Amino acid sequence: MPFIYITRAVPDAATNLLAGALPDARIEVNPEDRNLNREELIQAAAGCDALICTLADPVDASFIEDLGPRLKVIATYAVGYNNIDLEAARNRNIPVCNTPDVLTDATAEIAVGLILACARRFIEGDRLTRQGGFTGWAPLLHRGHGVYGKTVGIVGAGRIGKHVAATLKHGFDCEILYHSRADHVDWENDLGAKLVELGELLERSDFVSLHCPLTPDTRHLIDADMLKRMKPTAILVNTARGGLIDE
107 MPFIYITRAV PDAATNLLAG ALPDARIEVN PEDRNLNREE LIQAAAGCDA LICTLADPVD
167 ASFIEDLGPR LKVIATYAVG YNNIDLEAAR NRNIPVCNTP DVLTDATAEI AVGLILACAR
227 RFIEGDRLTR QGGFTGWAPL LHRGHGVYGK TVGIVGAGRI GKHVAATLKH GFDCEILYHS
287 RADHVDWEND LGAKLVELGE LLERSDFVSL HCPLTPDTRH LIDADMLKRM KPTAILVNTA
347 RGGLIDE
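Using the working numbering, you'd call the opening residue of the sequence shown number 107 and step up by one each time.
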């Protein structure tokens with residue numbers, strides 16, 4: 107009987123699909139509403155044939171070894187897989203699976219939502235109202251920034267970056283600048299976007315949205331010097347990886 111362990115509860119549709127495809131399998135799911143620590147995970151998943159993990163689970167070489175020789179596949183409930191030691195899995199001939207493309211629309215929507223929330227100060231206004239601080243309208247109360255017609259800089263010209271650019275171009279008539287390792291004719295034809303150096307993008311943009319992968323080359327891509335080149339009123343949104351910005 108195959109043993110499948112899932113490190114966090116996932117939607118019923120996923121577990122039902124798995125159970126339907128493997129009716130003889132023993133499927134166990136972490137019953138806690140939290141991430142298990144390493145020792146707890148090893149105890150719960152030891153001897154499994156398949157591990158379904160999340161991006162919060164560090165699946166390194168020793169962890170893979172501790173799960174035992176029966177482990178045949180690792181699947182992550184995520185697009186990214188930087189939490190998994192691919193070389194260690196490869197050495198054991200264990201395939202590693204992810205879920206590419208499924209978060210493109212969702213992440214783009216979140217990025218645009220963050221831009222709007224920051225520009226129009228939604229969170230501050232909500233907090234003020236809930237705390238009983240709103241005593242009436244005033245011309246200077248929580249003034250925000252408009253988004254229509256502004257300049258948006260997209261760093262990283264992948265699928266998510268283009269979705270964000272298209273939403274702001276077609277929905278808010280924004281001018282689109284982008285920074286990438288290569289030019290993208292589709293961006294220019296579809297969005298009237300212009301390829302520029304990172305420094306120019308930061309200097310000209312009212313909103314900057316980061317969408318490049320975290321690599322040794324992009325780590326701290328936005329450092330203190332780069333931040334100084336931005337407009338004082340500019341808004342920076344990062345829906346990629348935290349390490350792109352120097353703390």
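Glycine included, C-beta positions come from ideal geometry on N, C-alpha and C.
Keep in mind the model is a prediction, meaning the values are calculated, not measured.
Notebook entry, point to check: For T345, which option in D211, T160, N199 and T113 has the closest C-alpha, if you only look at C-alpha atoms?
Noted result: Here residue 345 corresponds to residue number 239 of the sequence shown, with the count starting at 1. Among D211, T160, N199 and T113, the Cα nearest to that of T345 is on D211.
Checklist line | Cα-Cα separation, V116 to G259 | finding: Taking the sequence shown and counting its residues from 1, the one referred to as residue 116 is at position 10. Taking the sequence shown and counting its residues from 1, the one referred to as residue 259 is at position 153. If you take the alpha carbons of V116 and G259, they lie about 35 Å apart.
Note to self: Let me confirm a value: M107 is counted as buried when at least 16 other C-beta atoms fall within 10 Å, else exposed. Which label applies?
What the structure shows: Residue mapping note: residue 107 aligns to position 1 of the sequence shown, counting from 1. Answer is exposed; the Cβ neighbour count stays below 16.
Notebook entry, point to check: What is the C-beta distance between I328 and D352, in whole angstroms, given that I count them as a contact (C-beta under 8 Å)?
Noted result: Looking up residue 328 in the sequence shown gives position 222. Looking up residue 352 in the sequence shown gives position 246. Correct: roughly 7 Å between the Cβ atoms.
Note to self: If the criterion is Cβ atoms closer than 7 Å, does the pair A127 and N141 meet it?
What the structure shows: The residue given as residue 127 occupies position 21 in the sequence shown. The residue given as residue 141 occupies position 35 in the sequence shown. Not a contact, by the Cβ cut-off of 7 Å.
Note to self: Give me the residue from L234, I112, V261 and D296 with the minimum Cα distance to E303.
What the structure shows: Sequence index remark: in the sequence shown, residue 303 carries index 197 (1-based). It is V261.
Note to self: For the pair the stretch 245-255 and the stretch 266-280, tell me if three or more CB-CB distances fall below 8 Å.
What the structure shows: yes
Checklist line | Three-state secondary structure assigned by DSSP to I200 | finding: The sequence position of residue 200 within the sequence shown is 94, counting from 1. I200 falls in the coil class under three-state DSSP.
Next item on the list: Mind checking which residues open and close the alpha helix (DSSP H) that includes H326?
Entry: To locate residue 326, count along the sequence shown from 1; it is residue 220. That residue, H326, is in no alpha helix (DSSP H); it is neither H nor E in DSSP.
Item checked: Residues of its chain near V165, where Cβ-Cβ distance is below 7 Å and the 5 sequence neighbours each way are ignored -> Within the sequence shown, numbered from 1, the residue matching residue 165 stands at position 59. So the qualifying residues of the chain are C159, I180, N189, I190 and D191.
Next item on the list: Output the boundary residues of the alpha helix (DSSP H) element that contains I102.
Entry: Shown here, the chain extends from 107 to 353; a query on residue 102 therefore has no answer.
Check: Got a sec, what are the start and stop residues for the alpha helix (DSSP H) C224 sits in?
Finding: The sequence position of residue 224 within the sequence shown is 118, counting from 1. It spans T210 to R226 - the alpha helix (DSSP H) in which C224 sits, taken as one unbroken run.
Notebook entry, point to check: So is A167 buried or exposed if we call it buried at 16+ other beta carbons inside 10 Å?
Noted result: Here the question's residue 167 lines up with position 61 in the sequence shown. Burial call: exposed.
Note to self: Taking the beta carbon of I359 as the centre, do at least 16 other beta carbons fall within 10 Å, making it buried, or is it exposed?
What the structure shows: Residue 359 lies beyond the stretch modelled for the chain, which goes from 107 to 353, so this question has no answer here.
Check: Roughly how many angstroms lie between the CA atoms of L220 and V270, to the nearest whole one?
Finding: Numbered from 1 along the sequence shown, position 114 holds the residue referred to as residue 220. Numbered from 1 along the sequence shown, position 164 holds the residue referred to as residue 270. Each residue's Cα considered, the two are about 11 Å apart.
Notebook entry, point to check: Going by other Cβ atoms of all chains shown within 10 Å of its Cβ, with 16 needed for buried, is I229 buried or exposed?
Noted result: Position 123 of the sequence shown, counted from the start, is the residue given in the question as residue 229. Exposed is the call here.
Notebook entry, point to check: In this structure, what does DSSP give as the bridge partners for F109?
Noted result: One-based indexing of the sequence shown puts residue 109 at position 3. The partner list for F109 (beta bridge, DSSP) reads R132.
Margin query: Considering just the uninterrupted stretch of the beta strand (DSSP E) at H248, what are its terminal residues?
Written below: Taking the sequence shown and counting its residues from 1, the one referred to as residue 248 is at position 142. Counting along the chain, H248 falls outside any beta strand (DSSP E), and DSSP gives it neither H nor E.
Next item on the list: Could you tell me which residues DSSP puts in a beta bridge with N344?
Entry: Here residue 344 is taken as the residue at index 238 of the sequence shown, counted from 1. In DSSP, N344 forms a bridge with L316.
Notebook entry, point to check: Is the beta carbon of G242 sitting closer than 7 Å to the one on R227?
Noted result: Taking the sequence shown and counting its residues from 1, one reaches residue 242 at position 136. Taking the sequence shown and counting its residues from 1, one reaches residue 227 at position 121. Cβ atoms of G242 and R227: not closer than 7 Å.
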